[in-house]
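Peer 1: Quick one: this structure, given as structure tokens, is what I'll be asking you about.
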Amino acid sequence: MKNLLALKPYLLGYKRHLGEGFIYIILTNIFAVTGPRYIGSAVDAMQESFRIEDIIGFTALYVLFALLSGFFLFLVRQKIIVTSRHIEYDLKNDYYRHLQQLPRSFYDRTSTGELISRGTNDLNAVRDFLGPGIMYSINTFFRLFFAIIAMLALSPTLTFFALLPAPILSYSVYRIGRSMQKRSKSIQESYAEITNLVQENLTGIRVVKSFTREEVEIERFEKLNLDYYRKNLSLGKLQALFFAMLTAMTAFSLIPVIWIGGMGAIGGKMSIGGIAQFIVYVTMLSWPIISIGWVTGIVQKAAAAQGRLNEILDTVPDIANGEKQETGEAAPGRGEISFRNVSFHYPSQPDIPVLKNITFKAEPGSKIAFVGATGTGKTTLVSLIPRLYEANGGMVMLDSRDIREIPVENLRRQVGFVPQNNFLFSDTIENNIGYGSPEDADPGRIAAAARIAMLDDDVRDFPEQYKTMLGEKGINLSGGQKQRACIARAVACHPKVLVLDDALSAVDTSTEARIFDALLEQLPETTIILISHRISTVKNCDSIFVLSEGTIAECGTHDELLHQKGIYYGLYNQQLLEDEILSLA
Ligand SMILES: Nc1ncnc2c1ncn2[C@@H]1O[C@H](COP(=O)(O)OP(=O)(O)OP(=O)(O)O)[C@@H](O)[C@H]1O
Ligand SMILES: [Mg+2]
129 MKNLLALKPY
139 LLGYKRHLGE
149 GFIYIILTNI
159 FAVTGPRYIG
169 SAVDAMQESF
179 RIEDIIGFTA
189 LYVLFALLSG
199 FFLFLVRQKI
209 IVTSRHIEYD
219 LKNDYYRHLQ
229 QLPRSFYDRT
239 STGELISRGT
249 NDLNAVRDFL
259 GPGIMYSINT
269 FFRLFFAIIA
279 MLALSPTLTF
289 FALLPAPILS
299 YSVYRIGRSM
309 QKRSKSIQES
319 YAEITNLVQE
329 NLTGIRVVKS
339 FTREEVEIER
349 FEKLNLDYYR
359 KNLSLGKLQA
369 LFFAMLTAMT
379 AFSLIPVIWI
389 GGMGAIGGKM
399 SIGGIAQFIV
409 YVTMLSWPII
419 SIGWVTGIVQ
429 KAAAAQGRLN
439 EILDTVPDIA
449 NGEKQETGEA
459 APGRGEISFR
469 NVSFHYPSQP
479 DIPVLKNITF
489 KAEPGSKIAF
499 VGATGTGKTT
509 LVSLIPRLYE
519 ANGGMVMLDS
529 RDIREIPVEN
539 LRRQVGFVPQ
549 NNFLFSDTIE
559 NNIGYGSPED
569 ADPGRIAAAA
579 RIAMLDDDVR
589 DFPEQYKTML
599 GEKGINLSGG
609 QKQRACIARA
619 VACHPKVLVL
629 DDALSAVDTS
639 TEARIFDALL
649 EQLPETTIIL
659 ISHRISTVKN
669 CDSIFVLSEG
679 TIAECGTHDE
689 LLHQKGIYYG
699 LYNQQLLEDE
709 ILSLA
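Be aware that the sequence shown starts at 129, since it is given in the working numbering, and climbs by one per residue.
Here you go:
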């Protein structure tokens, strides 16, 4: 229940609407409970005054009160249910905003499917509480309150007997409700499984096809689908039983009223009109009594859902704009990067050090490179520069300032980053390249960035040039074109520091070297940090660092490193040999 306290500020934000809804609930119930009195009077008139005018008059009054009650019920829904939609809208926005602010490490440990299901299923459960949950609780309270007063005025004994079955009724609704919830939860889980399977399969359809696994995948789907279908049937059965039972139980609660009330009428203690009125109250109360059990279920479900949402909402972006930070605009940087004794391990694996005592410096405008075998920590090292992860020891500095003192936004604006696993949106080429700097992404600037990344010529051949759509709704770029688009996207922001993590692995060796040589030449003032497996690409850099098992094993210029006859020398000879073999072939 404590979990639901997180909703308090949202509810308070709509307190006027909710307050009005509250007043309308009281009004609708006063009218609903007043109406049946005229049924009693009409029945009594049939026996006493025998005047049809009286009977019609009383009935008309009953209809009038029923209409008034209905009108205010309409207003109740307008206020409370509509408010719950407003709050749902706010909650969704806040949830998405929060997701955008969470750090990389959060996404390393949480699956996308889970985040989507929190934002849909769990948020729906919370909304059920905010709308129907709150509305029916208040309504039940006032309906019981006013109806019981009216019933007590008619006959306290009869009231006692009429309410006798109520606790059993609401408890059984609660129990059946819980088992229905269990089943629907398991249906939801099945559904999530199916969604995951379909999503992953369609994304990886090329792999499925190339390994001719279609039949196997179809079978897997059919199995999950069958499971889902069976669970739905079992829920359907329970629901059918539930509604049948409710009708029966309401009917049972009439028995004591008829019995004891009937004896009272025979003995002349009660008028027949009074009993008629009483019967109307008993039927009128059956739904509120049922809804006690039902609402309890909604509240429990919402509390669990909000608990899961709170887990995410309470995750603070650990790379927050820290206390150390200065405010105000940063002076235009020079683009000097230095690492001082930096060590790092991934938050999920504190026992495995990935970087150990890394120290190096890249002068403003210099071009440096990292090489090394796969898994030695090159990507990890460069991820620390824009603070995608936080170093565990030592210090990463930009222009001689600890990067933790620089507002993250400022820092990231100065560091252009082309990740190893690139990603483009289903949008035009133009919007993709201008993604990081939309405010000044004029066509000239975008074309200039594309020219630097040597993508311009390719784009000119496309049907709609820079307006060509990519991805699902448009064309697919080749691997190398995609990588060059990602480079153009980083270059278009005019960063002071440009990090290229194996950014051209998809093009052939000589093209990679040609593009990078041009890039180094055209961006003389930009500090470039290059990662590549190819010696031909890095050999013109000012300094080259060889990583091995998370430490810098060798460093120097290409010639110096060759003289050292170490790891770099070995790599060089191996690649030379490969080239020779290729040229012979
Ligand atoms: N998100 C992560 N969580 C935990 N461990 C990770 C994570 N990313 C990478 N690692 C581990 O850190 C080590 C270094 O990985 P990294 O990606 O930095 O290597 P790399 O030098 O870039 O390799 P490659 O040349 O293949 O790109 C590897 O052992 C890898 O398993
Ligand atoms: Mg890497």
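Glycine included, every Cβ here is placed at the ideal spot set by N, Cα and C.
Please read all numbers here as calculations on a predicted model, not as lab measurements.
1. What first and last residue would you give for the alpha helix (DSSP H) that runs through residue 657?
2. What residues match up with residue 526 in a beta bridge as DSSP calls it?
3. Nearest to residue 359 by CA position, among 166, 391, 317, is which residue?
4. Is the beta carbon of residue 140 sitting closer than 9 Å to the one on residue 254?
5. So does residue 548 have its beta carbon nearer than 8 Å to some heavy atom of ligand 1?
6. Is the segment 562-582 in contact with the segment 606-624, if contact means three or more CB pairs nearer than 8 Å?
7. Quick check on the DSSP output: the alpha helix (DSSP H) that includes residue 183 runs from which residue to which?
8. Given 8 Å as the limit, is there contact between the segment 656-667 and the segment 495-509, that is, 3 or more CB pairs closer than that?
9. Would you check if the distance between the CB atom of residue 189 and the CB atom of residue 166 is smaller than 9 Å?
10. Indicate whether residue 547 and residue 507 have their beta-carbon atoms separated by less than 9 Å.
11. Along the chain, where does the beta strand (DSSP E) that runs through residue 482 open and close?
12. Quick check on residue 283: buried or exposed, where buried means 16 or more other Cβ atoms within 10 Å of its Cβ?
13. Look at the alpha carbon of residue 421 and the alpha carbon of residue 392, and state the distance between them as a whole number of angstroms.
14. Note the first and the last residue of the continuous alpha helix (DSSP H) segment covering residue 239.
15. Ligand 4 and residue 318: does any heavy atom of the ligand fall closer than 8 Å to the residue's C-beta?
16. Can the beta-carbon of residue 680 be found closer than 9 Å to that of residue 488?
17. Indicate, with yes or no, if ligand 2 has a heavy atom lying under 8 Å from the CB of residue 236.
18. Could you check whether the Cβ of residue 384 sits closer than 9 Å to any Cβ belonging to chain B?
19. Taking contact to mean 3 or more Cβ pairs, one atom from each stretch, closer than 8 Å, check whether the segment 641-649 and the segment 662-669 are in contact.
20. Alpha carbons only, please: which of 186, 195, 475, 144 is nearest the one belonging to residue 156?
21. Between the C-alpha atoms of residue 300 and residue 414, what's the straight-line distance to the nearest angstrom?
22. Roughly how many whole angstroms lie between the Cα atoms of residue 633 and residue 223?
23. Are residue 138 and residue 209 close, meaning C-beta to C-beta below 9 Å?
24. Residue 676 lies in the beta strand (DSSP E); which residues open and close that run?
25. With DSSP collapsed to three states, give me the class of residue 683.
26. Could you give the first and the last residue of the continuous alpha helix (DSSP H) run that contains residue 587?
27. Starting from residue 496 and walking both ways along the beta strand (DSSP E), at which residues does that stretch end?
28. Give me the Cα-Cα distance between residue 146 and residue 211, rounded to the nearest whole angstrom.
29. How is residue 628 classed by DSSP in three states: helix, strand or coil?
30. For a minimum of 4 consecutive residues, which ranges assigned as the alpha helix (DSSP H) are wholly contained in the segment 397-437?
31. Can you find the residues in the same chain that come closer than 8 Å, C-beta to C-beta, to residue 638, ignoring five residues on each side of it along the sequence?
32. Taking all protein chains shown into account, decide if residue 80 is buried (16 or more other Cβ within 10 angstroms of its Cβ) or exposed.
33. What's the C-alpha gap between residue 162 and residue 178?
34. Can you name, in chain order, every residue of its own chain whose Cβ lies under 7 Å from the Cβ of residue 341, other than the five neighbours on each side?
35. Consider the C-beta atom of residue 674 and the heavy atoms of ligand 1; say whether any pair is separated by less than 8 Å.
36. Have a look at 361, 294, 372, 312 and flag the residue whose alpha-carbon is nearest the alpha-carbon of residue 384.
Peer 2: In terms of the structure at hand:
1. The residue you call residue 657 lines up with position 529 of the sequence shown. For residue 657, there is no enclosing alpha helix (DSSP H); the enclosing beta strand (DSSP E) has its first and last residue at 655-659.
2. To locate residue 526, count along the sequence shown from 1; it is residue 398. Beta-bridge pairing links residue 526 to 465, 529.
3. Sequence index remark: in the sequence shown, residue 359 carries index 231 (1-based). Residue 359 has its Cα closest to that of 317, out of 166, 391, 317.
4. Counted from its first residue, the sequence shown places residue 140 at position 12. Counted from its first residue, the sequence shown places residue 254 at position 126. By the CB criterion at 9 Å, residue 140 and residue 254 fall outside the cutoff.
5. Here residue 548 refers to the residue found at position 420 of the sequence shown. Yes, ligand 1 has a heavy atom inside 8 Å of this Cβ.
6. Taking 8 Å as the limit for Cβ pairs, the verdict is that the segment 606-624 does touch the segment 562-582.
7. What you label residue 183 is simply residue 55 of the sequence shown in a count that begins at 1. Following the DSSP letters along the chain, one finds residue 183 inside the alpha helix (DSSP H) bounded by residues 180-229.
8. The segment 656-667 makes contact with the segment 495-509, as at least three CB pairs between them are under 8 Å.
9. Translated into positions along the sequence shown, residue 189 becomes position 61. Translated into positions along the sequence shown, residue 166 becomes position 38. Yes. Within cutoff.
10. Sequence index remark: in the sequence shown, residue 547 carries index 419 (1-based). Sequence index remark: in the sequence shown, residue 507 carries index 379 (1-based). For residue 547 and residue 507, yes; Cβs fall inside 9 Å.
11. In the sequence shown, residue 482 corresponds to position 354, counting from 1. Per DSSP, residue 482 is not a residue of any beta strand (DSSP E), being assigned neither H nor E.
12. Start at 1 with the first residue of the sequence shown, and residue 283 comes out as number 155. Counting C-beta atoms within 10 angstroms of its own C-beta, residue 283 has 16 or more neighbours from the protein chains shown and is therefore classed as buried.
13. By 1-based counting over the sequence shown, the position of residue 421 is 293. By 1-based counting over the sequence shown, the position of residue 392 is 264. If I take the Cα positions, the gap works out to 33 Å.
14. For the purposes of this step, residue 239 is identified with residue 111 of the sequence shown, where counting begins at 1. Neither: residue 239 is in no alpha helix (DSSP H) and is coded neither H nor E.
15. Questions concerning ligand 4 fall outside what the structure shown contains, since the ligands it does hold are ligand 1 and ligand 2.
16. Against the sequence shown, residue 680 aligns to sequence position 552. Against the sequence shown, residue 488 aligns to sequence position 360. Taking 9 Å as the Cβ cut-off, residue 680 and residue 488 qualify as a contacting pair.
17. Along the sequence shown, read from residue 1 onward, the residue named residue 236 stands at position 108. No, Cβ of residue 236 sits at least 8 Å from all heavy atoms of ligand 2.
18. Of the protein chains in the structure, only one exists, and it is not chain B.
19. A contact exists between the segment 641-649 and the segment 662-669.
20. As a first step, residue 156 is located in the sequence shown; it is residue number 28 there, counting from the start. Comparing Cα-Cα distances from residue 156 to each of 186, 195, 475, 144, the minimum goes to 195.
21. One-based indexing of the sequence shown puts residue 300 at position 172. One-based indexing of the sequence shown puts residue 414 at position 286. In a straight line, the C-alpha of residue 300 is about 13 Å away from that of residue 414.
22. For the purposes of this step, residue 633 is identified with residue 505 of the sequence shown, where counting begins at 1. For the purposes of this step, residue 223 is identified with residue 95 of the sequence shown, where counting begins at 1. Roughly 37 Å separates the two Cα atoms.
23. Here residue 138 is taken as the residue at index 10 of the sequence shown, counted from 1. Here residue 209 is taken as the residue at index 81 of the sequence shown, counted from 1. Taking 9 Å as the Cβ cut-off, residue 138 and residue 209 do not qualify as a contacting pair.
24. Numbered from its first residue, the sequence shown carries residue 676 at position 548. 671-676 is the span of the beta strand (DSSP E), which, as asked, contains residue 676.
25. The residue given as residue 683 occupies position 555 in the sequence shown. In this structure, DSSP gives residue 683 an extended state, which the three-state scheme calls strand.
26. Stepping through the sequence shown from its first residue, residue 587 is reached at position 459. First-last of the alpha helix (DSSP H) with residue 587: 584-588.
27. Taking the first residue of the sequence shown as 1, we reach residue 496 at position 368. In the DSSP assignment, residue 496 falls within the beta strand (DSSP E) that extends over 495-499.
28. Here residue 146 refers to the residue found at position 18 when the sequence shown is read from its first residue. Here residue 211 refers to the residue found at position 83 when the sequence shown is read from its first residue. The C-alpha of residue 146 lies about 7 Å from the C-alpha of residue 211.
29. Translated into positions along the sequence shown, residue 628 becomes position 500. Correct three-state label for residue 628: strand.
30. Runs found: none.
31. Reading the sequence shown from its first residue, position 510 is the one you call residue 638. The answer, listed in chain order, is 664.
32. Residue 80 is absent from the structure shown; the chain starts at 129 and stops at 713.
33. Locating residue 162 in the sequence shown gives position 34, counting from the first residue. Locating residue 178 in the sequence shown gives position 50, counting from the first residue. For residue 162 and residue 178, the distance between alpha carbons rounds to 23 Å.
34. Position 213 of the sequence shown, counted from the first residue, corresponds to residue 341. Cβ within range, chain order: n/a, list empty.
35. Mapped onto the sequence shown, residue 674 falls at position 546. Between ligand 1 and residue 674, a heavy atom-to-CB distance of less than 8 Å is absent.
36. In the sequence shown, residue 384 corresponds to position 256, counting from 1. Distance from the Cα of residue 384 is smallest, within the candidate group 361, 294, 372, 312, for 294.
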